[in-house]
Amino acid sequence: MLSALSLPENSLKALRPTDLVLTVTQMLRKHGVVGKFVEFYGDGLDSLPLADRATIANMAPEYGATCGFFPIDGVTLEYMRLSGRSEETGRTGRGLHQSAGHVAQSR
């Protein structure tokens, strides 16, 4: 089962990374995402660094989800490039996520 949480840009600018992670965890615990995959989306992703995305996704056990994930966008593809993945790997991953409807449109 999939749940989704929108991260609006205005709310992200008001929070420091630590506060953001704690707020997201608190919200998702209240929502009840035990055993679910949580997709994060919204215009706030454009300003959310990869390190913060990784922290939020890795906190899935804290908020009770099976996993948390973000759509593939320019930030993701740049990380893949910097970590030695080929452009073909990035295109393949983006294509798979796009076919499932999990690709950010803004980047």
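Using the working numbering, the letters of the sequence shown correspond one by one to residues 434 to 540. Using N, Cα and C, we set each Cβ at its ideal position, and we do this for glycine too. Note that this is a predicted model, so its numbers are computed, not measured.
Delimiting residues of the alpha helix (DSSP H) encompassing residue i
i: residue 471; result: Not the alpha helix (DSSP H): residue 471 falls in the beta strand (DSSP E), residues 470-474.
i: residue 526; result: 520-532
i: residue 507; result: 507-515
Three-state secondary structure (DSSP) of residue i
i: residue 444; result: helix
i: residue 481; result: coil
i: residue 449; result: coil
i: residue 466; result: coil
i: residue 492; result: coil
Beta carbon of residue i nearer than 7 Å to that of residue j
i: residue 507; j: residue 471; result: no
i: residue 469; j: residue 436; result: yes
i: residue 526; j: residue 505; result: yes
i: residue 485; j: residue 450; result: yes
i: residue 456; j: residue 496; result: no
i: residue 439; j: residue 474; result: yes
For residue i, the residue or residues it bridges with in DSSP
i: residue 501; result: 471
i: residue 438; result: 473
Residue i burial status per 10 Å Cβ neighbour count (16 or more: buried)
i: residue 498; result: buried
i: residue 466; result: buried
i: residue 481; result: buried
i: residue 493; result: buried
i: residue 522; result: exposed
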